[in-house]
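Peer 1:
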Amino acid sequence: MSSPVAYLDYAATTPVAPEVAQRMAECLTADGVFGNSSSVNHEYGVRAAERVESARAQVAACIGAEPADVVWTSGATEANNLAIFGAAHYYRGSGKHIITARTEHKSVLDSCRELERRGWRVTYLSPGSDGVLEPGRIAEALEPETVLVSVMHVNNEIGTVQDLAAIAAVCARSSQARLHVDAAQSVGKVRLDFAALGVDLLSLSAHKVYGPKGAGALIASRRRAVQVSPLLHGGGQERSLRSGTIATHQVVGMGAAFALADAETTPEYEHIGTLRERLWQGISALGGIWRNGDPARSVPHILNVSVEGVEGESLVAAVGARIAVSTGSACTSAQREPSYVLRALGRDDRLAESSLRFSLGRYSSTADIDTAIEAVTSAVKRLRSISGR
Amino acid sequence: MTYSELTRRCFEHATCAGEAGGADWFRGQAGSRERGTWVQFDVQVQSADAGGCVGAVRFLAFGCPHVIAACQWVAERAIGLALEPRLPESVQALRTRFEVPVEKLGRLLIVEDAWGAAVRGAVLRRNA
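Protein chains in written order, with our numbering: chain Z, 9 to 397; chain V, 4 to 131.
1) Hey, how far is the Cα of residue 219 (chain Z) from the Cα of residue 66 (chain Z)?
2) Give me, in chain order, the residues of the same chain whose beta-carbon lies closer than 7 Å to that of residue 368 (chain Z); leave out the 5 immediate sequence neighbours on both sides.
3) Taking residue 185 (chain Z) as the reference, which of Z:386, Z:149, Z:382 has the closest Cα?
4) Alpha carbons only, please: which of Z:391, Z:192, Z:236 is nearest the one belonging to residue 20 (chain Z)?
5) Of all the residues that make up the stretch 303-335 of chain Z, which are near chain V by a beta-carbon distance shorter than 9 Å?
6) How is the alpha helix (DSSP H) around residue 88 (chain Z) delimited, first residue to last?
7) Provide the residue(s) that pair with residue 15 (chain Z) in DSSP beta bridges, ordered along the chain.
8) 9 Å is my cut-off, CB to CB: does residue 355 (chain Z) come that close to chain V?
9) Alpha carbons only, please: which of Z:173, Z:22, Z:174, Z:156 is nearest the one belonging to residue 234 (chain Z)?
10) When you compare the CB of residue 40 (chain V) with every CB in chain Z, is at least one pair closer than 9 Å?
11) Would you identify the three-state DSSP class for residue 140 (chain Z), choosing helix, strand or coil?
12) Counting only beta-carbon atoms, is residue 22 (chain V) nearer than 9 Å to chain Z?
13) Assuming residue 227 (chain Z) is part of the beta strand (DSSP E), what are its boundary residues?
14) Strictly under 9 Å for the Cβ-Cβ distance: is residue 386 (chain Z) near chain V by that measure?
15) Listing by chain order, which chain Z residues have their CB less than 7 Å from the CB of residue 67 (chain V)?
16) One question on the structure: do residue 316 (chain Z) and residue 298 (chain Z) come within less than 9 Å of each other, judged by their Cβ atoms?
17) Where does residue 129 (chain Z) sit, in a helix, a strand or coil, going by DSSP?
18) Using a C-beta cutoff of 9 Å, does residue 358 (chain Z) count as contacting chain V?
19) Just to confirm, are residue 346 (chain Z) and residue 358 (chain Z) a CB contact at a threshold of 9 Å?
20) Is residue 43 (chain Z) near residue 51 (chain Z), with beta carbons less than 9 Å apart?
21) Going by DSSP in three states, residue 342 (chain Z) sits in which element: helix, strand or coil?
22) Quick check on the DSSP output: the beta strand (DSSP E) that includes residue 81 (chain Z) runs from which residue to which?
23) Would you check if the stretch 80-94 of chain V and the stretch 106-124 of chain V touch, i.e. whether three or more CB-CB distances between them fall below 8 Å?
24) Using a Cβ-Cβ distance cut-off of 9 Å, determine whether residue 139 (chain Z) contacts chain V.
25) Residues of chain V with CB under 7 Å from residue 395 (chain Z), in chain order?
26) Go ahead and pull the three-state DSSP assignment for residue 26 (chain V).
27) Anything in chain Z within Cβ reach of residue 71 (chain V), meaning under 7 Å, just list it in chain order.
28) Which one or two residues does DSSP pair with residue 375 (chain Z) in a beta bridge?
29) In the DSSP assignment, the alpha helix (DSSP H) including residue 128 (chain V) goes from what residue to what residue?
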């Protein structure tokens, strides 16, 4: 099904790739691999377990981890919760201090807020106006009581890429601060080498990479002997870190999607970067357009702009019939609040509210970009005219 | 956010948007851009011989689609009506008509305030 609306919201979610859907479909029906992967006493279970382990190897290979590091979850939100609550509880005897950034995803921030209610202390660091979190800020915030540092790799709103190697080096100076990284937006856009980086815990999502919704993973380094307490109990699956029957078709889809991402990252990267610059050039010609984040430090698929002289909700409504984009992150759109990420970067409420996040993907075309330029240009001109600006 | 068909139509076809001035035009404003909603009405009043009614309306609005749609509707509906500081229908009725969420009620009050400010200027002139 094609739509007259150009889809430019790939950072919110992506369509499942046809190759991925095919692999998933093989694991659903009676003539396929539908068995319970824990039931290894019969052929159905063994075949399912083989598919699950093959997917585990695909995910691990894509990010430079060991297959045994991969713990399946329902998505990055659950992985973030497992990492933060799990590490906080496991290491609570060593300290109850956590460091994170104000620009993290809600699943990290809300988990930290909940830990504060339970007696932990959390330091929320503010990145610079370019979205970059200086590793020195983390070094200053580290305390003997710090047990966890949680930093996202690629910001979901503005696309800023953090210097994980430098942050990991800072954390390594602490005897007990483990490093958790939310990498939901990274795979397929930025090369990740989990083992080389010195990261302890890494959260992944399938549906940002042309895999299915409802699948993700927490990568918990066995080599670094990181420990987390489980959130779910009953069954002991996934090294007892995530009990529950493994959704074979979901994890098989995630594995297939990550294998494709690994193969396609470089050509996609260049193609999407070119399209993004075309979009920026076209929109910025309007004047009064602010680019959020530093393009030299961001992934190629995200362009976040604030538009002067228009009200945010009207802007989104005016372009919505022609392009699918986000204002703020998808997770906060229902709240009708200015983006907390942009406010943390120093944008005032009006500019934070009148922001648009364009996120491009594998199926984005020049025609989509030209549609977006035309839609935004005509909407902004009209709204500025209505407001007398 | 989803919008009713009427809201979307008035928002997308804000044909009364603009400014106008002259001896028989009266201007009123309310709200602020910094706080997210600002509205200005220019109201033309017919001469007493012609009935002293509203002859034409133009508006400017910085606000959400509901605010722009309500301004457009008021600008269309007021023509030919007697000069009244009240809107052609109450704010509550406007809220129902445009299916405006209750948390946006304050924005409709800004529309009413801007209308009232323009009309009061006209009434003052007429009574002077």
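Glycine included, each C-beta is placed from N, C-alpha and C at the ideal position. Predicted model only: the values in this text are computed from it and were never measured.
Peer 2: Based on what the coordinates show:
1) 13 Å
2) 16, 18, 280, 283, 284, 309
3) Z:149
4) That would be Z:192, whose Cα lies nearest to the Cα of residue 20 (chain Z).
5) 317, 318, 319, 320, 321, 322, 324, 325, 326, 329
6) 84-98
7) Its beta-bridge partners are Z:332.
8) no
9) Z:156
10) yes
11) Under the three-state reduction of DSSP output, residue 140 (chain Z) falls in the coil class, being neither helix nor strand.
12) yes
13) From DSSP, the beta strand (DSSP E) with residue 227 (chain Z) extends over 224-228.
14) no
15) Chain Z residues near residue 67 (chain V): 319, 321, 322.
16) yes
17) strand
18) yes
19) yes
20) yes
21) Note that residue 342 (chain Z) scores a pLDDT of 39, beneath 50, so its modelled location is shaky; the value from the coordinates is reported in the next line. DSSP, read as helix, strand or coil, puts residue 342 (chain Z) in helix.
22) 78-81
23) Judged by Cβ distances under 8 Å, the stretch 106-124 of chain V makes contact with the stretch 80-94 of chain V, as three or more pairs qualify.
24) no
25) 63, 64, 65
26) coil
27) 322, 394
28) In DSSP, residue 375 (chain Z) forms no bridge with anything.
29) 108-130
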